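Colleague: Encoded as structure tokens, here's the structure I'll be asking about.
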Amino acid sequence: MPEPFSLADVYSALEDLRARRPLVHNITNYVAMSVSANVLLALGASPAMVHAVEEVEDFVAISDALVVNIGTLSPPWVTAMRKAAERAQAGGKPWVLDPVGCGATPYRTGAAAALAALAPSIIRGNASEIMSLAGETGAGKGVDSLSSADDARAAAAALAGRTGAAVAVTGIVDYVCDRSGPTAIHAGHALMPLSTALGCSLSAVTAAFAAVRPPRQAAVAALAVFGAAGSAAAQRCRGPGHLPVEICDELYRMTPETLAQHARLTT
Amino acid sequence: MPEPFSLADVYSALEDLRARRPLVHNITNYVAMSVSANVLLALGASPAMVHAVEEVEDFVAISDALVVNIGTLSPPWVTAMRKAAERAQAGGKPWVLDPVGCGATPYRTGAAAALAALAPSIIRGNASEIMSLAGETGAGKGVDSLSSADDARAAAAALAGRTGAAVAVTGIVDYVCDRSGPTAIHAGHALMPLSTALGCSLSAVTAAFAAVRPPRQAAVAALAVFGAAGSAAAQRCRGPGHLPVEICDELYRMTPETLAQHARLTT
Amino acid sequence: MPEPFSLADVYSALEDLRARRPLVHNITNYVAMSVSANVLLALGASPAMVHAVEEVEDFVAISDALVVNIGTLSPPWVTAMRKAAERAQAGGKPWVLDPVGCGATPYRTGAAAALAALAPSIIRGNASEIMSLAGETGAGKGVDSLSSADDARAAAAALAGRTGAAVAVTGIVDYVCDRSGPTAIHAGHALMPLSTALGCSLSAVTAAFAAVRPPRQAAVAALAVFGAAGSAAAQRCRGPGHLPVEICDELYRMTPETLAQHARLTT
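Residue numbers (the working numbering), protein chains in the order written: chain A, 9 to 275; chain B, 9 to 275; chain C, 9 to 275.
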């Protein structure tokens, strides 16, 4: 049984994040860069996008957390991702892996597996990505998930067991698994998958929380805060277009009341 | 004379697209990636941005359509574009070429011409791009067009005749030409050229329709639906800033009534 | 003492910019591309993002101004930046340097210094970037600034003296320094640093003004117009999410009244 972690604990983590304003080093995909940066700024973190092999190690050294997202990977980027992850591991810095599209092509699956071997603190993906990374025969369809998060919970537990990471699998209900068992996070909204890079942004948020909490608590806090912001934001939207900007506003204005109204934790 | 294709046919194509949710493989420019992904999601398609030479062919194989946009080209990207287009051609997958900025520099013009030789299903550009690709002495000014769509209609017909593609040239009035003749699409709004990457996003929309209709019908449907969404969206805007997010909302909510109110087809 | 330059002069520069619609060549970071393009379009300029070594020199030749921003630099991009800057210098085209994150890593600091040696017309950065580029021991924290603009004014003056550029340092109050002394621009809003790439977009705006005014006047005009747009936009926002799209609308609608209400120039 995992240690209990309540919404009050989640909000306390957010207050610490806002006070510390962690520098989050993002090596992420081209699609997600702008929205991830805006989400991190609205949350209270300080984002930087830095990917050159010539400087990633130096940048990890001055950062509070790292997120590696393989969405638009290519060989020079994968080299930089590995160097940054190794440096984070060596320096005891928390780092988050988002294995976007794992299972869609052999190149992508291989890159994700190689990164997963570098001791990520947290792995965040959708059901088909986590199942593929865990070695299941996932039904990947591009970067969108065809499996429910329920289907993937067993794969997440297996992946957590093998890597030591906290594994967050997101879907209708989100789950965070580590070796102590699962926590379920009930939040979010059906419009969210219709706006690009929100999952990627969530991974960046997870890294920001990992600067102020241990991996499992960081992942639960990130999913609850981001899901609550998404749910609150969707109420102001007539379609997916405005969702990302509304989510930024909700993150910026997040209160214990909004969190309690839009997120729920269960085991 | 082209086969008649009405707004009712356009809406039927949209319904089929929403039902099938085609996976659209985008090799596009950095500026357009995020808005193209959001537009495709709002429309009802499933976008993926994948450009590494190591995986583009594998990804074409699992996709329903491909769009190649040379906006921010460089040699490794051009190599991937060619491989992907060749694979699409070999596999009978529809693919769309957007020759952004063709005519602005010799490098760009050469890359566009080489891609146009790989049997694209559809070519979508503005007047100066289409005129340049057709071999006219176009008056390219960066990526914005200095010629009217009317001026380019002859060039589009010539390009369609030479390549076998359906050629869509967009401006105040849009035209789709194939070897059977032109269709004119009256839709859109004067604010649209003041918001970046909407033309690129339209090319992505064209690819999504090409997954459910033959090239000419796909191009007409894309121009009508996107133009109607743009026109409806502009009514909610006080400037170009909100236009892309309003367009996403309008695409998501598109009805036969909105389509009829904001788009018209003529020969 | 610098030559006097009033808000009426600023608005006159904006009118000239709108009439001329300068083509601005951007070699900028992945995060900023989309918002910079939208900001330039709303302002009245014509943006293009072109970075391949194979075409940057040809593109500088047809452009009215160039902006080089090192935000997500890597070796092939730095090569292109240098070639483009050299071509601008040789051709007498104005060019703007934005040394994003200068001071954060040796690689980044070295690239910025090498570019600063190529006679930029204008250098635009935050306090820690300008202090680092001027050779001060800056307290860089990623890409966000830890020093006040006041602290950096001396560094800006020193950098202006050494390079001959007009140096714009932005913060609570913005300053433009050249060899004739400083101008202070009072505009902007506290929400602006919470939305990504607005500083980068401001550098692009500075390049657009450099197509129609000498460097110092261009920098002052850019800071006043962009700051006024930001201040007016913030009044319509409940958080940082909507800020960039509101800024585009305000730029598009900018009047002498809005400018006078939201910006002030002092020495």
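Cβ atoms here follow ideal geometry from the backbone N, Cα and C, with glycine treated the same way. Given the structure is predicted, the values throughout are model-derived calculations rather than measurements.
Where does M89 (chain A) sit, in a helix, a strand or coil, going by DSSP?
Modeller: Reduced to three states, the DSSP call for M89 (chain A) is helix.
Colleague: What three-state label does DSSP hand I180 (chain C) in the structure shown?
Modeller: In the structure shown, I180 (chain C) sits in coil (DSSP, three-state: anything other than H, G, I, E or B).
Colleague: Alpha carbon to alpha carbon, what distance is there between L51 (chain B) and Y260 (chain B)?
Modeller: When rounded, the distance between both Cα atoms is 6 Å.
Colleague: State the CB to CB distance for the pair D257 (chain A) and G238 (chain C), rounded to an integer number of angstroms; the pair is presumed to be in contact (CB under 8 Å).
Modeller: About 16 Å separates the two Cβ atoms, so there is no contact after all.
Colleague: Which residue or residues does DSSP assign as beta-bridge partners of I138 (chain B)?
Modeller: Per DSSP, none; premise fails for I138 (chain B).
Colleague: Quick one: what's got a C-beta closer than 6 Å to L206 (chain C)'s C-beta in the same chain, skipping five residues either side?
Modeller: Result list for L206 (chain C): M200, in chain order.
Colleague: Let me know if S188 (chain B) comes out buried or exposed under the rule of 16 or more other beta-carbons within 10 Å of its beta-carbon.
Modeller: Exposed, by the Cβ-count rule.
Colleague: So with CB distances below 9 Å, who are the chain C contacts of H250 (chain B)?
Modeller: By Cβ distance, chain C contributes H250, V253, E254, C256, D257.
Colleague: Measuring only the C-alpha atoms, how far is A93 (chain A) from P102 (chain B)?
Modeller: C-alpha separation (whole angstroms): 39 Å.
Colleague: Roughly how many angstroms separate the alpha carbons of D17 (chain C) and V47 (chain C), rounded to a whole number?
Modeller: When rounded, the distance between both Cα atoms is 21 Å.
Colleague: Excluding the five sequence neighbours on either side, which residues of its own chain have a C-beta within less than 7 Å of the C-beta of E264 (chain A), listed in chain order?
Modeller: The residue you asked about is not Glu; residue 264 (chain A) is Pro in the sequence shown. The residues are Y19.
Colleague: Mapping the DSSP letters down to three states, classify H270 (chain C) as helix, strand or coil.
Modeller: Correct three-state label for H270 (chain C): helix.
Colleague: Which residues of chain B have a Cβ atom closer than 7 Å to the Cβ of F67 (chain C), listed in chain order?
Modeller: Those are A112, T113, listed as they occur along chain B.
Colleague: Is DSSP giving R244 (chain A) helix, strand or coil here?
Modeller: If DSSP states are grouped into helix, strand and coil, R244 (chain A) belongs with coil.
Colleague: Using a Cβ-Cβ cut-off of less than 8 Å, list which residues of the stretch 36-56 of chain A approach chain C; keep chain order.
Modeller: Answer set for the stretch 36-56 of chain A: Y38, M41, S42, A45, N46, L49, A50, S54, P55, A56.
Colleague: I need the straight-line Cα distance from T191 (chain B) to V228 (chain B), nearest angstrom please.
Modeller: Going by the C-alpha atoms only, they are around 8 Å apart.
Colleague: Quick one, which of C:G172, C:V253, C:G196 has its alpha-carbon nearest Q97 (chain C)'s?
Modeller: Of the listed residues, the one whose Cα sits closest to Q97 (chain C) is C:G172.
Colleague: Using 8 Å as the threshold, is the stretch 69-86 of chain C in touch with the stretch 53-65 of chain A, meaning 3 or more CB pairs across them?
Modeller: Contact holds: three or more Cβ-Cβ distances are below 8 Å.
Colleague: In chain B, what lies closer than 9 Å to Y260 (chain C) by C-beta?
Modeller: Simply L199, L202, R246, G247, P248, G249.
Colleague: Could you tell me if E23 (chain B) is buried or exposed, where buried requires 16 or more neighbouring beta carbons within 10 angstroms of its beta carbon?
Modeller: It is exposed - the Cβ of E23 (chain B) has fewer than 16 other Cβ atoms within 10 Å.
Colleague: By how many angstroms is the C-alpha of E137 (chain A) removed from the C-alpha of G109 (chain A)?
Modeller: The alpha-carbon atoms of G109 (chain A) and E137 (chain A) are separated by roughly 6 Å.
Colleague: Strictly below 8 Å CB to CB, what residues from chain B border G109 (chain A)?
Modeller: Going along chain B in sequence order, the residues near G109 (chain A) (Cβ under 8 Å) are A56, V58.
Colleague: Does the separation of the CB atoms of A174 (chain B) and A73 (chain B) fall below 8 Å?
Modeller: Against a cut-off of 8 Å, the Cβ pair of A73 (chain B) and A174 (chain B) comes out as no contact.
Colleague: Thinking just about the alpha-carbon of each residue, which of B:Q269, B:V253, B:D182 is nearest to the one in A45 (chain B)?
Modeller: Closest by alpha carbon: B:V253.
Colleague: Can you pull the chain C residues whose beta carbon is under 7 Å from the beta carbon of E137 (chain A), in chain order?
Modeller: Per Cβ cutoff of 7 Å: no residues; E137 (chain A) is ~23 Å from chain C at best.
Colleague: With L31 (chain C) and A268 (chain C) assumed to form a contact (beta carbons below 8 Å), what rounded beta-carbon distance in angstroms separates them?
Modeller: About 30 Å; that fails the 8 Å criterion.
Colleague: On the CB-based measure, 16 or more other CB atoms within 10 Å of its CB, does G99 (chain B) come out buried or exposed?
Modeller: Its Cβ having fewer than 16 others within 10 Å, G99 (chain B) is exposed.
Colleague: Whole angstroms is fine: what's the gap from V220 (chain A)'s alpha carbon to A21 (chain A)'s?
Modeller: If I take the Cα positions, the gap works out to 7 Å.
Colleague: Please list, in chain order, all residues of the same chain as G150 (chain C) whose beta carbon is under 8 Å from its beta carbon, the five residues on each side excluded.
Modeller: Bear in mind that a pLDDT of 49 at G150 (chain C), under 50, signals an unreliable position, so the number given afterwards is only what the model happens to contain. Counting only Cβ-Cβ distances below 8 Å, and skipping sequence neighbours, we find G109, A112.
Colleague: I'd like to check one pair, R95 (chain A) with A69 (chain A): are the Cβ atoms closer than 8 Å?
Modeller: Yes, the Cβ-Cβ distance between A69 (chain A) and R95 (chain A) is below 8 Å.
Colleague: Quick check on DSSP: helix, strand or coil for C185 (chain A)?
Modeller: Residue state, collapsed to three classes: strand.
Colleague: Please say whether D106 (chain C) and V75 (chain C) have beta carbons closer to each other than 8 Å?
Modeller: In contact: V75 (chain C) and D106 (chain C) (Cβ atoms closer than 8 Å).
Colleague: Are A271 (chain A) and I193 (chain A) closer than 8 Å when you measure CB to CB?
Modeller: Cβ distance < 8 Å, so A271 (chain A) and I193 (chain A) count as in contact.
Colleague: For H197 (chain B), which residues in the same chain have their Cβ closer than 7 Å to its Cβ, ignoring the five residues on either side in sequence?
Modeller: Around H197 (chain B): G238, S239, A242.
Colleague: Closest to A230 (chain C) by C-alpha separation, out of C:A212, C:R244, C:C245, would be which residue?
Modeller: When only C-alpha atoms are compared, the closest one is C:A212.
Colleague: With a cut-off of 8 Å, does the C-beta of E2 (chain B) fall near any C-beta of chain A?
Modeller: Beyond the ends of chain B as shown, which are 9 and 275, falls residue 2 (chain B); an answer cannot be given.
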